[in-house]
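Chains as they are written, first to last, in the UniProt record's numbering: chain A, 1 to 525; chain B, 1 to 239. For each residue, glycine too, the CB sits at the ideal point set by N, CA and C. Predicted model, so just to flag it, every value in this text is computed and none were measured.
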Amino acid sequence: MVSQYGIKLATYLISFSYGDFCSKVCECLLSRGSLTLAQIIRFTELSRENVINCLRVLIHQNCVQAFSIQQEVAFGEAPKIVTQYTALFDNMIHKMRFPKFMQIVSKELGEDCLGIFEGLLQHGRLSLNQIIDRNKQTPDNSDVHVVRETFSRLLNARFVERCPAPEPFLAPHEEETPAKKRGTKSAKIAEAPKTIEQRALAAAAPMESIRFLMEIDTLTGTSEEKGMESQNIAMLDEKWKQDFSDAELSASGKKKEILWRVNFEEFMRRLRHKACMEYVIARLSDQSGIVLSAILELTRSSETRLKTDKSASLSINDIYDEVIKKDGGLGMDFERIRASLVQLGCQIPTTGIDETYSIDLKNIVELAQNEEVESVVLKRYGREAYRIFRLLSKSGRLLETDKISDTTFVEKKDTLKILYKLWKDGYLHMEKVSVNGPKQTLFLLWEMNKEPLWLRVLDEMYHAALNLRLRITYELDQEKEILQLPKEKLIGELEKRYKRLGKVRIILETSLMNLDDALMLFRDF
Amino acid sequence: MSRSLETSSLKRKRPEVDPLGLVDAERAILNAIKNKKDLGIWVRDIKQETKLTDHVVNKSLKSLLARKLIKEVVNIQYKGKKHYMAVEFEPSKEVSGGVWYVDGNLDKELVNVMKQLCLRCIRVQKVATLERVHEHLKKQQVVNFEISSQHVSDILNSMVLDNEIIEVKSTGLGAYYSIPIGTVCYRFDSSPAVAKGSKLGAFASIPCGACPRISLCTPDGVISPSTCVYYTKWLNIDF
Chain A
1 MVSQYGIKLA
11 TYLISFSYGD
21 FCSKVCECLL
31 SRGSLTLAQI
41 IRFTELSREN
51 VINCLRVLIH
61 QNCVQAFSIQ
71 QEVAFGEAPK
81 IVTQYTALFD
91 NMIHKMRFPK
101 FMQIVSKELG
111 EDCLGIFEGL
121 LQHGRLSLNQ
131 IIDRNKQTPD
141 NSDVHVVRET
151 FSRLLNARFV
161 ERCPAPEPFL
171 APHEEETPAK
181 KRGTKSAKIA
191 EAPKTIEQRA
201 LAAAAPMESI
211 RFLMEIDTLT
221 GTSEEKGMES
231 QNIAMLDEKW
241 KQDFSDAELS
251 ASGKKKEILW
261 RVNFEEFMRR
271 LRHKACMEYV
281 IARLSDQSGI
291 VLSAILELTR
301 SSETRLKTDK
311 SASLSINDIY
321 DEVIKKDGGL
331 GMDFERIRAS
341 LVQLGCQIPT
351 TGIDETYSID
361 LKNIVELAQN
371 EEVESVVLKR
381 YGREAYRIFR
391 LLSKSGRLLE
401 TDKISDTTFV
411 EKKDTLKILY
421 KLWKDGYLHM
431 EKVSVNGPKQ
441 TLFLLWEMNK
451 EPLWLRVLDE
461 MYHAALNLRL
471 RITYELDQEK
481 EILQLPKEKL
491 IGELEKRYKR
501 LGKVRIILET
511 SLMNLDDALM
521 LFRDF
Chain B
1 MSRSLETSSL
11 KRKRPEVDPL
21 GLVDAERAIL
31 NAIKNKKDLG
41 IWVRDIKQET
51 KLTDHVVNKS
61 LKSLLARKLI
71 KEVVNIQYKG
81 KKHYMAVEFE
91 PSKEVSGGVW
101 YVDGNLDKEL
111 VNVMKQLCLR
121 CIRVQKVATL
131 ERVHEHLKKQ
141 QVVNFEISSQ
151 HVSDILNSMV
161 LDNEIIEVKS
171 TGLGAYYSIP
181 IGTVCYRFDS
191 SPAVAKGSKL
201 GAFASIPCGA
211 CPRISLCTPD
221 GVISPSTCVY
231 YTKWLNIDF
């Protein structure tokens, strides 16, 4: 489940782009889980038409996914198929990251690709024909072949993918009770390895083989999707078919064409790699950064999941070949590469026959996360608390008060005070152990309270991101008059205010972008 | 006859034989204290062991203190409780807290001086193992006690926790050339992230990261991002 401020930030972003009705629907879906149309109407108290329109927008913007399931009915009745809608929280938050995605595309593929990519970001889903049409409207339009060529470059880089199926049917699971309303009961089911939402997303995702395939889309792709489509529709309840799926079908555009959308997963992968590299360069050395970037470059295409724990194994020769292509990598020899690999946590094999290496990316991400939380502790509780917290975070086990005090050079009395404060605020976990000897002694043992703490920090970061957004809006609102004035009138005091606003915006926006890096570190990496 | 005389004289003589001239109660208390050696003993425990009254114990302790046979020590674990120890013993590490403690208080001055010395040593050498820092400190002779490798390790560990130095494993290359591969050593890093002591995270560098009132802050509440004083202060810097 998404945390409280995560929901608030997501609904703010949706309301900013698509208005209050959409954000109301989002909030309802995010806080209550998957719902049917009737339930959304009841909970949001919006009119049926409004809700349908909102869902159309949100599906089109990849913020909501529909799926149909068989509903449990009383004995003797025919099984009923209902359509449910689930909110895609991460895709909503990604809206904040569009500038970052655009930067990656422009750096890697250039400006022409950026034009098409921007259109996809803005419209959510587009068919190739729509993309070509859009291009025609631009002043410096290019030939259809060029557009197709540019698009296929985006596709080859995996920046763009086929849209998922509009409404996959989930066959009733034997072990799983069919999810009816997602109340307190089904919240427990949600903890199972695969929730109904995850199953729906997996069912909707296009097959890996056609996900990035453009050429044969007119032949096999459509027929297959069409097949699935008709199968789904046939199974839908009559009533639903009449009043909603029709509406939705027409909404998602011409079904005969393949729709394309931005592949967020690929961007998150690249940003994850970038974050790992930045951490390594800051903490270890530039050379280790070069080696890591070479390894990630080589193994990226083989990563199937976003959160890959370890990079694929590579031989030292492959790594060397890639390293010397990098800036500053030309001077590296095998010895230096091996040294960097050791710094990156690899073990040099004792037998030289099969010298392969794999990097523990999860460990790097965890170290970066620790650093983020530690600096919050430093800011909020001071240097001594920082030292204590780092000790506990590094040791990863229970430690006794005196031991902590001795290792960190903090007075025993102060140690206990700091530990107590951190424990009260949920940073630590405490255990009491009493020893029955000649005298009864009570020992207090402390440990970092990692999982709940991480969730809390993440929620606070969502809160902070929302605050930064709100402050930007507030600052712009305050200086509305100045922004409307023509530039030549901005003199004296007005000019000063205008300049101040510019600086304030830069501070707030850079802080938001940096904070967003930290958000991804905790949520997506 | 002679035999009975002998015994009686012995019996009578005994108190005077005591070279220190202690009475029974005092001797019992002194023995109880001496038995604890360098750990010292708490007044209440003395009372319990000797089964003497409060008054007698207090009086005897005073007299023993006056004769300089025992001394009062501060026990780091129980600072409020009076502990006594025989003069011939030095408080053990458990009682005194070790070399880093003076009269039951952490000797912050000493710790800081040691940190500075270690840092200087590592900065000069760029990379140093525990042994090298230990050697360096021994040569300098800055402290009045025999500095052990454990002491140096304590200091270095706390500096690692403070992010002033980094614990690394030698790669045998560059600055590490003289250190066997895999040996734990300490590195001083002059990169901006480390020079500041620690890198400030993205969250900690905005007011919300350090805000003690974040749980009370809501978009339209009394505390809100648009009325936040921390924000105003932050954004008005440099203007």
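Along the alpha helix (DSSP H) that carries residue i, what are the first and last residues, could you check?
i: residue 234 of chain B; result: 229-235
i: residue 31 of chain B; result: 24-35
i: residue 398 of chain A; result: Note, residue 398 of chain A: premise wrong, no alpha helix (DSSP H); not H, not E.
i: residue 161 of chain A; result: Where residue 161 of chain A is concerned, there is no enclosing alpha helix (DSSP H), although the beta strand (DSSP E) it sits in stretches over 160-162.
i: residue 421 of chain A; result: 412-424
Hey, does residue i have any beta-carbon neighbour from chain B nearer than 9 Å?
i: residue 363 of chain A; result: no
i: residue 11 of chain A; result: no
i: residue 464 of chain A; result: yes
i: residue 498 of chain A; result: no
i: residue 17 of chain A; result: no
i: residue 375 of chain A; result: yes
i: residue 467 of chain A; result: yes
i: residue 255 of chain A; result: Caution applies to residue 255 of chain A, whose pLDDT of 49 falls short of 50 and renders its modelled position unreliable; the model cannot decide the point.
i: residue 14 of chain A; result: no
i: residue 409 of chain A; result: yes
i: residue 412 of chain A; result: yes
How is the beta strand (DSSP E) around residue i delimited, first residue to last?
i: residue 169 of chain B; result: 166-169
i: residue 443 of chain A; result: 440-448
i: residue 430 of chain A; result: 428-436
i: residue 186 of chain B; result: 184-187
i: residue 261 of chain A; result: 259-262
i: residue 72 of chain B; result: 70-73
i: residue 85 of chain B; result: 83-86
With a threshold of 8 Å on Cβ separation, who are the neighbours of residue i within its own chain once the five nearest residues in sequence on each side are excluded?
i: residue 94 of chain B; result: 39, 76, 77
i: residue 114 of chain A; result: 102, 105, 106
i: residue 68 of chain B; result: 87
i: residue 434 of chain A; result: 440, 441, 442, 443
With a CB to CB cut of under 7 Å and the five nearest residues on each side skipped, what residues in its chain are close to residue i?
i: residue 247 of chain A; result: Bear in mind that a pLDDT of 43 at residue 247 of chain A, under 50, signals an unreliable position, so the model cannot answer this.
i: residue 358 of chain A; result: 310, 311, 312, 313
i: residue 10 of chain A; result: 26, 30, 89, 92, 93
i: residue 91 of chain B; result: 38, 40, 73, 85
i: residue 507 of chain A; result: none
Is the CB of residue i under 9 Å away from at least one CB in chain A?
i: residue 84 of chain B; result: no
i: residue 158 of chain B; result: yes
i: residue 66 of chain B; result: no
i: residue 169 of chain B; result: yes
i: residue 216 of chain B; result: no
i: residue 228 of chain B; result: yes
i: residue 15 of chain B; result: Confidence at residue 15 of chain B is low in this model, with a pLDDT of 49, below 50, so the placement of that residue should be treated as unreliable; the coordinate-derived value is given next. Chain A contact via Cβ: absent.
i: residue 73 of chain B; result: no
i: residue 96 of chain B; result: no
i: residue 180 of chain B; result: no
i: residue 149 of chain B; result: no
i: residue 103 of chain B; result: no
i: residue 219 of chain B; result: yes
i: residue 240 of chain B; result: In this structure chain B extends from 1 to 239, so residue 240 of chain B is not present and cannot be described.
Less than 9 Å between the C-beta atoms of residue i and residue j, yes or no?
i: residue 49 of chain B; j: residue 32 of chain B; result: yes
i: residue 464 of chain A; j: residue 209 of chain B; result: yes
i: residue 157 of chain A; j: residue 303 of chain A; result: no
i: residue 274 of chain B; j: residue 158 of chain B; result: A query on residue 274 of chain B cannot be resolved here, the shown segment of chain B reaching from 1 to 239 and no further.
i: residue 135 of chain A; j: residue 127 of chain A; result: no
i: residue 155 of chain A; j: residue 517 of chain A; result: no
i: residue 154 of chain B; j: residue 383 of chain A; result: no
i: residue 298 of chain A; j: residue 276 of chain A; result: no
i: residue 446 of chain A; j: residue 400 of chain A; result: yes
i: residue 327 of chain A; j: residue 290 of chain A; result: yes
i: residue 235 of chain B; j: residue 188 of chain B; result: no
i: residue 457 of chain A; j: residue 203 of chain B; result: yes
i: residue 501 of chain A; j: residue 468 of chain A; result: no
i: residue 169 of chain B; j: residue 184 of chain B; result: yes
For this session: Entirely within the segment 33-101 of chain A and at least 4 residues each: give me those alpha helix (DSSP H) ranges in chain order.
Result: As far as the segment 33-101 of chain A is concerned, its whole alpha helix (DSSP H) runs of at least 4 residues are 37-44, 48-60, 89-94.
For this session: Please list the segments of the alpha helix (DSSP H) lying wholly inside the segment 107-148 of chain A, counting only runs of 4 or more residues, in order along the chain.
Result: 111-123, 128-137
Problem set entry | Every unbroken alpha helix (DSSP H) within the segment 260-291 of chain A, with a cutoff of 4 residues, ordered by chain | Complete alpha helix (DSSP H) runs here, min 4: 264-283.
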